[in-house]
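Written out below as structure tokens is the structure these notes cover.
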Amino acid sequence: MPAEDCRHLVPTRVWDLPTRLFHGLLAAAVIGLVITGVTGGNAIEWHMRLGVAVGALLVFRILWGLLGGRWSRFTSFVYAPAAVGRYLRGQPRPTDRFDVGHNPLGSLSVFGLLAVLALQVATGLVADDEIATTGPLNRFVSGATASLATGWHKGYGQWLIYALVGLHVAAIVFYVTRKKQDLLRPMWHGNKLLPPGTPASADHLRSRLLATVLLAACGAAGVWVYRLG
1 MPAEDCRHLV PTRVWDLPTR LFHGLLAAAV IGLVITGVTG GNAIEWHMRL
51 GVAVGALLVF RILWGLLGGR WSRFTSFVYA PAAVGRYLRG QPRPTDRFDV
101 GHNPLGSLSV FGLLAVLALQ VATGLVADDE IATTGPLNRF VSGATASLAT
151 GWHKGYGQWL IYALVGLHVA AIVFYVTRKK QDLLRPMWHG NKLLPPGTPA
201 SADHLRSRLL ATVLLAACGA AGVWVYRLG
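Okay, structure coming up:
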């Protein structure tokens with residue numbers, strides 16, 4: 001962006017604090033899942049705990065996608081095929097706000113990663129390694145279902161997550177190096193330089209208290225599920 005245009009941009013709150021904390025906690029939990037899954041042995045107990053934690057975080061994100069700040073809500077980054085086409089052609093309409101939150105390709109990446117993580121958690125909850133470890137919900141499904149879930153969880157599921165995480169990281173690097181758009185710092189402090197008048201996300205005390213209540217409820221549900229095992 002030309003320097004003369006940058007002078008007319010103002011800091012605008014895009015990512016509210018609950019969304020930023022969700023991203024950080026989810027990234028840490030997924031890294032922990034990979035480490036404990038590869039380590040095996042006694043680390044599997046922590047693998048299950050982290051898996052349940054990821055499930056609780058995903059439920060929170062679904063709720064926050066309905067109740068959170070403007071640019072954290074799903075309605076802000078669910079795009080019609082026509083909008084995706086305009087983005088790919090580089091012909092946005094004046095009403096398109098592809099430069100604020102998630103652009104169309106970014107939104108597809110986000111939804112894809114959340115869906116695959118949810119499937120991985122769900123299969124882990126009912127999995128059975130037929131040695132010493134079963135998921136906390138294993139007793140509620142048939143042996144055939146548990147076997148199918150275990151095969152996905154230990155096979156295609158984990159490799160699909162690796163691929164999507166790698167794609168996510170590659171996209172960030174591409175935007176930083178080629179398009180000169182820093183996607184990391186706005187996610188750290190919440191603000192992004194945008195044209196005056198761009199609607200901001202709510203990030204006040206009441207919103208943060210609501211997020212705290214929702215996260216606590218999701219965490220309590222996760223503990224309950226874990227103790228079923």
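With UniProt numbering, letter number 56 in the sequence shown gets 56, and the count goes up by one each step, no holes.
Even glycine gets a Cβ: it sits at the ideal position worked out from N, Cα and C.
Note that the structure is predicted; figures quoted are calculated from it, not measured.
Quick check on the DSSP output: what are the complete beta strand (DSSP E) runs of length 3 or more inside the segment 153 to 198, in order along the chain? 191 to 194
On a CA-only basis, which of 40, 36, 52 and 72 is nearest residue 203? Give me that one, please. 72
Which residue or residues does DSSP assign as beta-bridge partners of residue 212? Bridge partners of residue 212: none, in fact.
Give me the residue from 53, 162 and 152 with the minimum Cα distance to residue 112. 162
For residue 133, name the three-state secondary structure that DSSP assigns. coil
Can you find at least 3 beta carbon pairs, one from the segment 39 to 58 and one from the segment 89 to 108, that sit closer than 8 Å? no
Per-residue burial, residue 14 [other beta carbons within 10 Å of its own, 16 or more giving buried]: buried
Within 10 Å of its beta-carbon, does residue 314 have 16 or more other beta-carbons around it, so buried, or fewer, so exposed? This structure leaves residue 314 out entirely; the chain is present only between 1 and 229.
Rank 101, 52 and 165 by C-alpha distance to the C-alpha of residue 20 and give the top, closest one. 101
Going straight from the alpha carbon of residue 124 to that of residue 135, what length do you get? 6 Å
Buried versus exposed call for residue 140 [16 or more other C-beta atoms within 10 Å across all chains shown]: With fewer than 16 other Cβ atoms inside 10 Å of its own Cβ, residue 140 counts as exposed.
Would you report the Cα separation of residue 11 and residue 199, rounded to the nearest angstrom? 11 Å
CA nearest to the CA of residue 31, picked from 148, 17 and 51: Per the Cα distances, 51.
Output yes or no for whether 8 Å exceeds the beta carbon distance between residue 17 and residue 229. no
Contact check, residue 49 vs residue 226, beta carbons under 8 Å: yes
Buried or exposed, going by whether 16 or more other CB atoms sit within 10 Å of the CB of residue 212? exposed
Skipping 5 residues on each side, what residues in its chain have a beta carbon closer than 6 Å to that of residue 37? 47
Is residue 117 buried or exposed, if buried means 16 or more other CB atoms sit within 10 Å of its CB? buried
CB contact flag (residue 145, residue 176, <8 Å): no
Measuring CA to CA, which of 150, 180 and 132 is closest to residue 43? 132
Throw me the rounded Cβ distance for the residue 70 and residue 207 pair, which I believe falls under 8 Å. About 11 Å separates the two Cβ atoms, so there is no contact after all.
According to the neighbour-count rule (16 or more other Cβ atoms, all chains shown, within 10 Å of its Cβ), is residue 79 buried or exposed? buried
Going by C-alpha distance, which of 224, 121 and 216 is nearest residue 29? 121
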